[in-house]
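Numbering (the numbering used here), first residue to last: 500 to 1103.
Heads up, the beta-carbon is just placed ideally off N, CA and C, and yes, glycines get one too.
None of these values were measured; they are calculated from a predicted model.
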């Protein structure tokens, strides 16, 4: 009985082992059916070279349990009584070995599958970032909604039009036929409207009102190179205009007698026959044709005045600080003069129409009324003929005579007289200041005479008493006699700074103020203190030397200072930072020469 029980237990164990073996085989078959979607299997590492854990998901090792045989099974295998026990034992060992190998292979497959999953997730994330499928979907939805709205609008318009047509037209046929015609008309209207929208819808969309976009232009920083380049561009752009003006002035001046005579005859003939406008149009076409040939490489020079080729200076790459400063000063001077001329022209035109100079604007007013009355009663051809003949005679003959005879021009050339007598805004300001100063002087002189002036005081002494500076009377500030007053050239003085190099303290070394010149003295009024201690008075006869001076040698040019040497100072006194240095130097030097020559004559 015991033997039978043991046999039954062995049979049950063998049955379990057979089941385990069949489960493992099924798992292997399922794994063999796996097909990878990503990279090929050969591209991955071999199982021997692959790590034990490739990802967090496969970090836990799969325990491999090798089935062990029980002691009873070993006894049965060792039992020589059973037939084929040695062959059974060797087969079981081979099976155990192959099972462990297959489990290791399964582990490698799982690692490769996890790696492939990781790579596919990365690729999917990159594709989503590149394509932006969500934004594309939103745009598609917006376009669909817009298309649906347009279709609804078109259908509504078609319905309204069909209803209007049905109300206007009265039915003349049976209702069945009317419905058919309505359908056909609706179809025709829809087709016509669709064709019209396809052909002209884009142009209709262009006429939609949209709010204006305020674009702010970016300003470039200040650069010496860009400033000079812009000035050269302006000069090159204005060159055709200046050449045209030069040619016109050459025609009027009869620079070339034959050319001016031919032009005068052709112009007068064209005006007499009424061909003035066609002549100007033909000249414009001829000029464009010549420009086309010049652009093609032809060498054509059609100019009355021979053009002088100016040397083109190549732009320097590396400039020193002084060269850059001098360049900026030159360009600023040119820009200042150009803007001054343009402002003068615009201000004269404005003042002409604003009755600033009534006697000049009155002439223009009368001329406009005469032209208006003539245009109402005379034909335009006669008016054009008269204007053309007058323009030709004045341009070719009268202007030539006036340019050669300036006195006749100043007396009889009405346009020239009007233009030269028109004032600019600075001239008006100077006139108003002059009138105010005259009123003040007359009022002060009257008050002085009324208060009882002495009989021996002349007019010059009277006016000099009342010349004042910003701080008070002139003679009181500098402790001078009442006869001393600033010259007419420097009535308001020249702003400057006094540099006394004998002083060591910074407060006494440089002083800001105003410089005046009288008949006998050179006076400097300090602007920092109200007392007369800081003011400087130099007698012109005490000056030993006077010359132009350059305070900073780094800056270009001849400087903005005047050096005055006297016996009382070891080093010359320097009046620096003077904007009108040349004017001040000429005034001081001329007055100095006048005083010294008078003193030498009196001594001799």
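Would you report the Cα separation of residue 1180 and residue 987, rounded to the nearest angstrom?
The displayed coordinates of the chain run from 500 to 1103. Any statement about residue 1180 would go beyond what the structure contains.
Can you give the Cα-Cα distance for residue 800 and residue 923, rounded to whole angstroms?
Indexing the chain shown from 1 puts residue 800 at position 301. Indexing the chain shown from 1 puts residue 923 at position 424. Rounded to the nearest angstrom, the two C-alpha atoms are 40 Å apart.
In the structure shown, what three-state DSSP assignment does residue 1089 receive?
Position 590 of the chain shown holds residue 1089. Residue 1089 falls in the helix class under three-state DSSP.
Given this structure, state the Cα-to-Cα distance separating residue 694 from residue 639, to the nearest angstrom.
Position 195 of the chain shown, counted from the first residue, corresponds to residue 694. Position 140 of the chain shown, counted from the first residue, corresponds to residue 639. When rounded, the distance between both Cα atoms is 25 Å.
Going by beta carbon distance, what residues of the same chain come within less than 7 Å of residue 762, once the five residues before and after it are set aside?
Within the chain shown, the letter at position 263 stands for residue 762. Around residue 762: 750.
Can you check the stretch 876-920 for any alpha helix (DSSP H) of at least 4 residues that lies completely inside it and give the ranges in chain order?
879-892, 898-903, 905-911 and 913-920
Need the endpoints of the beta strand (DSSP E) that residue 498 sits in, please.
No answer is possible for residue 498: the residues shown for the chain start at 500 and end at 1103.
Please work out which residues of its chain come closer than 6 Å, Cβ to Cβ, to residue 1012, disregarding the five sequence neighbours upstream and downstream, and give them in chain order.
Here residue 1012 refers to the residue found at position 513 of the chain shown. If the five residues before and after residue 1012 are omitted, its C-beta is found closer than 6 Å to the C-beta atoms of 1023, 1024, 1025 and 1026, all from its own chain and listed in chain order.
Would you mind reading off the limits of the beta strand (DSSP E) that contains residue 987?
Walking along the chain shown from the start, residue 987 turns up at place 488. Per DSSP, residue 987 belongs to no beta strand (DSSP E) and is neither H nor E.
If you check the beta carbons only, do residue 657 and residue 688 fall under 7 Å apart?
Numbered from its first residue, the chain shown carries residue 657 at position 158. Numbered from its first residue, the chain shown carries residue 688 at position 189. Contact flag set, yes.
Of the residues 1017, 1019, 997 and 888, which one's Cα is nearest the Cα of residue 1010?
Here residue 1010 refers to the residue found at position 511 when the chain shown is read from its first residue. The candidate whose alpha carbon is nearest that of residue 1010 is 997.
To the nearest angstrom, how far is it from the Cα of residue 1096 to the Cα of residue 852?
Your numbering for residue 1096 matches position 597 in the chain shown. Your numbering for residue 852 matches position 353 in the chain shown. Their backbone Cα atoms lie some 53 Å apart in a straight line.
Is residue 803 helix, strand or coil by DSSP?
Counting from one through the chain shown, the residue named residue 803 turns up at place 304. Three-state DSSP puts residue 803 in coil, outside helix and strand.
Output the boundary residues of the alpha helix (DSSP H) element that contains residue 467.
The structure shown has nothing for residue 467, since the chain only spans 500 to 1103.
Nearest to residue 1058 by CA position, among 1069, 1068, 1064 and 1081, is which residue?
Within the chain shown, the letter at position 559 stands for residue 1058. Looking at the Cα atoms, 1081 is the closest of the given residues.
Which residues bound the beta strand (DSSP E) around residue 1064?
Position 565 of the chain shown, counted from the first residue, corresponds to residue 1064. Per DSSP, residue 1064 belongs to the beta strand (DSSP E) from 1060-1064.
Among residues of its own chain, excluding the 5 on either side of residue 778, which ones have a beta-carbon nearer than 8 Å to its beta-carbon?
The residue given as residue 778 occupies position 279 in the chain shown. These residues qualify, in order along the chain: 765, 766 and 769.
Taking the beta strand (DSSP E) that residue 1010 falls in, what are its first and last residues?
Counting from one through the chain shown, the residue named residue 1010 turns up at place 511. It spans 1009-1016 - the beta strand (DSSP E) in which residue 1010 sits, taken as one unbroken run.
When the Cα of residue 745 is compared with those of 793, 802 and 888, which residue comes out closest?
Your numbering for residue 745 matches position 246 in the chain shown. Taking only the C-alpha atoms, the option nearest residue 745 is 802.
Taking all protein chains shown into account, do 16 or more other C-beta atoms lie within 10 angstroms of the C-beta of residue 904, making it buried, or fewer, making it exposed?
Within the chain shown, numbered from 1, the residue matching residue 904 stands at position 405. The residue is exposed, with fewer than 16 neighbouring Cβ atoms inside 10 Å.
Can you check DSSP and say which residues form a bridge with residue 495?
Because the chain in this structure spans residues 500 to 1103, residue 495 falls outside the shown range and cannot be described.
What are the boundary residues of the alpha helix (DSSP H) that residue 789 is part of?
On the chain shown, residue 789 is found 290 positions in, with the first residue counted as 1. Where residue 789 is concerned, the enclosing alpha helix (DSSP H) stretches over 775-794.
Could you work out which residue in 754, 1045 and 740 is closest to residue 1062 when comparing CA atoms only?
The residue you call residue 1062 lines up with position 563 of the chain shown. Answer by Cα proximity: 1045.
Is the separation between the beta-carbon of residue 977 and that of residue 1036 shorter than 7 Å?
By one-based count along the chain shown, residue 977 stands at place 478. By one-based count along the chain shown, residue 1036 stands at place 537. In contact: residue 977 and residue 1036 (Cβ atoms closer than 7 Å).
CA-CA distance, residue 1074 and residue 783?
In the chain shown, the residue the question calls residue 1074 occupies position 575. In the chain shown, the residue the question calls residue 783 occupies position 284. Taking the straight line joining both Cα atoms gives about 59 Å.
Could you give the first and the last residue of the continuous alpha helix (DSSP H) run that contains residue 766?
Your numbering for residue 766 matches position 267 in the chain shown. Element bounds for residue 766: 756-771.
Pop quiz: residue 912 and residue 899 are said to be a contact at Cβ under 8 Å. What is the actual Cβ separation, rounded to whole angstroms?
Stepping through the chain shown from its first residue, residue 912 is reached at position 413. Stepping through the chain shown from its first residue, residue 899 is reached at position 400. Incorrect: roughly 12 Å between the Cβ atoms, too far for contact.
Among the candidates 661, 720 and 704, whose CA atom is the shortest distance from the CA of residue 691?
The residue you call residue 691 lines up with position 192 of the chain shown. Looking at the Cα atoms, 661 is the closest of the given residues.
Could you spell out where the alpha helix (DSSP H) holding residue 743 opens and where it closes?
Numbered from 1 along the chain shown, position 244 holds the residue referred to as residue 743. Taken as a continuous stretch (DSSP letters only), the alpha helix (DSSP H) holding residue 743 covers 723-751.
Determine the direct distance from the alpha carbon of residue 841 to that of residue 921, and round the result to whole angstroms.
The residue you call residue 921 lines up with position 422 of the chain shown. The residue you call residue 841 lines up with position 342 of the chain shown. Straight-line Cα distance between these residues: approximately 15 Å.
Can you tell me whether residue 855 is helix, strand or coil according to DSSP?
Here residue 855 refers to the residue found at position 356 when the chain shown is read from its first residue. Residue state, collapsed to three classes: coil.
Look at residue 830 and residue 727 and say whether their C-beta atoms are less than 7 Å apart.
Along the chain shown, read from residue 1 onward, the residue named residue 830 stands at position 331. Along the chain shown, read from residue 1 onward, the residue named residue 727 stands at position 228. Taking 7 Å as the cut-off, the Cβ atoms of residue 830 and residue 727 count as close.
Pull the bridge partners of residue 1038 from the DSSP assignment, please.
Locating residue 1038 in the chain shown gives position 539, counting from the first residue. In the DSSP output, where bridge partners are listed per residue, residue 1038 has 1020.
Which stretch, first to last residue, makes up the beta strand (DSSP E) that contains residue 1072?
On the chain shown, position 573 is the one that residue 1072 refers to. Where residue 1072 is concerned, the enclosing beta strand (DSSP E) stretches over 1072-1075.
If we call anything under 7 Å between Cβ atoms a contact, is residue 1094 one with residue 1040?
Numbered from 1 along the chain shown, position 595 holds the residue referred to as residue 1094. Numbered from 1 along the chain shown, position 541 holds the residue referred to as residue 1040. Yes.
In three-state DSSP terms, what is residue 1099?
Indexing the chain shown from 1 puts residue 1099 at position 600. Helix.
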